[in-house]
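*Asks:* Could you have a look at this structure, given as structure tokens, before my questions?
In our numbering, the protein residues as written are 1 to 376.
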């Protein structure tokens with residue numbers, strides 16, 4: 001257990017230093033320092049922005065197997081009261097990327113000492129939470145030079161128990177699109193509403209009307225979600241707001257449905273401009289495509305679990321969660337799976353506290369599976 005405890009310890013050290021997308025300089029240096037302690041004979045290391053690519057050269061390579069971990073954190077103030085709580089105010093590993101990194105380091109440690117017959121490529125990817133690091137890292141010269149034939153990844157899941165792995169062939173995560181809308185009208189005194197165009201009223205009414213897109217424009221047998229997570233508007237309680245802002249997200253199970261949602265949103269906005277005598281503008285955000293697990297590769301993994309870890313496999317349904325790992329799977333066969341961490345708090349919650357026993361379990365399962373894919 002000593003070696004496995006090492007990776008729980010690494011997780012706690014990483015949990016102390018959460019950083020947002022493309023700001024992961026301290027995280028990158030921490031990872032590079034650890035990687036430098038490993039046997040170097042079969043390792044090659046490249047950096048890309050705040051990310052890292054590490055290739056473990058195989059003994060008789062016929063292919064390259066890729067494994068991706070995300071490394072960024074969220075702009076959330078931690079409320080866990082753990083002894084290793086975040087040292088960076090207003091930032092937290094509330095999506096489990098600290099666990100993801102420690103698992104990747106566990107795998108890298110094993111295979112640096114004992115390479116497979118095939119090459120392994122470890123991708124420590126920045127900016128998964130935004131603005132999205134998967135697509136640009138794939139477009140980089142560094143990644144293209146080591147382009148893998150297979151791509152694997154995982155994501156922790158608070159709703160599953162430690163020792164459970166949930167996966168399915170085909171669609172696993174939804175298409176996602178960030179939504180930023182601004183409303184500009186005419187401000188004024190609270191006592192004279194007829195002389196102003198109140199953007200708090202306009203934006204509030206738009207929030208409600210948006211939901212009719214889901215209920216009246218989307219097939220009831222399909223799935224789509226529009227969530228507004230933040231509303232901003234006004235400067236004082238007795239001043240009519242000249243501007244208001246809505247920040248949110250769209251989730252759909254198909255590209256076609258995403259296009260429908262956006263078309264209807266823009267149509268509604270034109271009507272709002274006329275009805276409320278204002279300007280409505282949409283501002284650019286990140287778009288993530290669906291995570292679509294390769295049927296053959298996922299079935300092989302499920303078969304491995306059923307044979308080697310029969311109590312672990314859980315068949316799951318697709319989720320409306322977003323993940324930029326989908327960009328890897330668009331170009332490279334592979335899959336992502338849910339790793340149970342048994343926490344009462346959800347992903348992106350300020351009190352998320354994953355059960356760390358999932359870390360050595362995942363390292364054990366994935367070490368065995370990668371070995372099975374690359375028998376010497």
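Glycine included, C-beta positions come from ideal geometry on N, C-alpha and C. None of these values were measured; they are calculated from a predicted model.
1) Pick from 171, 68 and 308: whose alpha carbon is nearest that of residue 137?
2) Use the C-beta contact count for residue 33: other C-beta atoms within 10 angstroms, 16 or more gives buried, fewer gives exposed.
3) Taking just the CA atoms, how far does residue 78 sit from residue 352?
4) Starting from residue 149 and walking both ways along the alpha helix (DSSP H), at which residues does that stretch end?
5) Taking the alpha-carbon positions, what's the residue 91 to residue 76 distance?
6) Identify whether residue 446 lies in helix, strand or coil by the three-state DSSP scheme.
7) CA-CA distance, residue 167 and residue 40?
8) Looking only at its chain, what residues have a beta carbon closer than 6 Å to the beta carbon of residue 4, apart from the 5 residues adjacent to it on each side?
9) Can you tell me where the beta strand (DSSP E) with residue 230 in it begins and where it stops?
10) Give every residue of the same chain whose Cβ lies closer than 6 Å to the Cβ of residue 14, excluding the five residues on either side of it in the sequence, and list them in chain order.
11) With distances taken Cα to Cα, identify the nearest neighbour of residue 112 among 59, 81 and 83.
12) List the endpoints of the continuous beta strand (DSSP E) containing residue 336.
13) Per the DSSP calculation, residue 283 is bridged to which residue(s)?
14) Quick check: what's the CA-CA separation for residue 289 versus residue 122?
15) Using the three-state DSSP reduction, which class does residue 375 fall into: helix, strand or coil?
16) Whose CA, out of 11, 269, 324 and 190, lies closest to the CA of residue 82?
17) Quick check on this structure: which residue in 175, 171, 144 and 206 has the alpha carbon closest to the alpha carbon of residue 324?
18) Taking residue 252 and residue 261 to be in contact with their CB atoms under 8 Å, please state how far apart those CB atoms are, rounded to whole angstroms.
*Replies:* The relevant details are as follows:
1) That would be 68, whose Cα lies nearest to the Cα of residue 137.
2) With fewer than 16 neighbouring CB atoms inside 10 Å of its own CB, residue 33 falls in the exposed class.
3) Computed Cα separation, rounded: 9 Å.
4) Counting along the chain, no alpha helix (DSSP H) covers residue 149, and no H or E run does either.
5) Each residue's alpha carbon lies about 5 Å from the other.
6) Nothing about residue 446 can be reported from this structure: the residues present for the chain run from 1 to 376 only.
7) C-alpha separation (whole angstroms): 34 Å.
8) Bear in mind that a pLDDT of 49 at residue 4, under 50, signals an unreliable position, so the number given afterwards is only what the model happens to contain. Within the same chain, and ignoring the five residues on either side of residue 4 in sequence, the residues whose Cβ sits closer than 6 Å to its Cβ are 360.
9) For residue 230, the uninterrupted beta strand (DSSP E) segment begins and ends at 224-233.
10) Taken in chain order, the residues that qualify are 98 and 101.
11) Measuring from the Cα of residue 112, the nearest candidate turns out to be 59.
12) Note, residue 336: beta strand (DSSP E), 334-340.
13) Answer by DSSP bridge pairing, in chain order: 180.
14) Their backbone Cα atoms lie some 22 Å apart in a straight line.
15) Of the three classes helix, strand and coil, the one that applies to residue 375 here is coil, per DSSP.
16) Taking only the C-alpha atoms, the option nearest residue 82 is 11.
17) It is 175 whose Cα lies nearest to the Cα of residue 324.
18) Confirmed, Cβ separation roughly 6 Å.
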